[in-house]
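Below is one structure, written out as structure tokens; comments come after it.
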Amino acid sequence: MTYSYAGNRLLAVDDAVTTNQLPRPAGYHGAPASLAGDFLEQGIRQPQEYDYDPSGNLTADRNKGLTRIAYNHLNLPRQLHFGSGADSVVFRYTASGQKVAKLVYQTGQPTRRTDYLGQVQRSLVAA
């Protein structure tokens, strides 16, 4: 593994693994190609898979298709953008930081809204 730093901030980790299969133990016959099963993160091998803002908040995760994450004044995620289209998730909070709503926008799909009130959740799909 290779770690890249800027001061005490981790910039990148490269595990240099090009396969999603674990090798068979030596001397074990009849084993499937991978005893532990497949593990795959989405296989995106880009020079920089994660981006951060000056506060240390994750602003992009290319492994999950998150192209941009915007934060509010409390450093809580306000909006997640996926891919190059209009797909996004918007979060709404009270002034003290309690999450009160989540809106999911997907191309070609009705808007899905989840409202939060303490331990109670209510989900709605726009017609």
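In this text, residue positions in the sequence shown follow the working numbering: the first is 15, and each later residue adds one.
Glycine included, every Cβ here is placed at the ideal spot set by N, Cα and C.
Cutoff 7 Å; reference residue i; Cβ partners in own chain excluding five residues on either side
i: Val139; result: Pro124 and Arg126
i: Ala26; result: Ser18 and Gln62
i: Leu94; result: Leu80, Ile83, Ser102 and Val103
6 Å CB neighbourhood of residue i in its chain, flanking five on each side removed
i: Arg106; result: Val114 and Ala115
i: Arg23; result: none
i: Thr16; result: Asp28
i: Arg136; result: Asp129
i: Leu131; result: none
Length of the line joining the Cα atoms of residue i and residue j
i: Gly122; j: Asp101; result: 10 Å
i: Val134; j: Thr108; result: 16 Å
i: Gly111; j: Leu88; result: 7 Å
i: Leu117; j: Asp67; result: 24 Å
First through last residue of the beta strand (DSSP E) which encompasses residue i
i: Lys116; result: Lys113 to Tyr119
i: His95; result: Pro91 to Phe96
i: Leu88; result: Run containing Leu88: none; DSSP gives neither H nor E here.
i: Thr125; result: Segment: none, Thr125 is in no beta strand (DSSP E) and carries neither H nor E.
Check whether residue i and residue j have beta carbons under 8 Å apart
i: Gly97; j: Thr81; result: yes
i: Ile83; j: Leu72; result: yes
i: Tyr85; j: Arg92; result: yes
Proximal residues to residue i (C-beta, below 8 Å), its chain only, five neighbours per side dropped
i: Tyr119; result: Ala100, Asp101, Ser102, Val103, Val104 and Thr125
i: Ala74; result: Tyr64, Asp65, Leu80, Thr81, Arg82 and Ile83
Residue i (DSSP reduced to helix, strand or coil)
i: Ala109; result: coil
i: Thr81; result: strand
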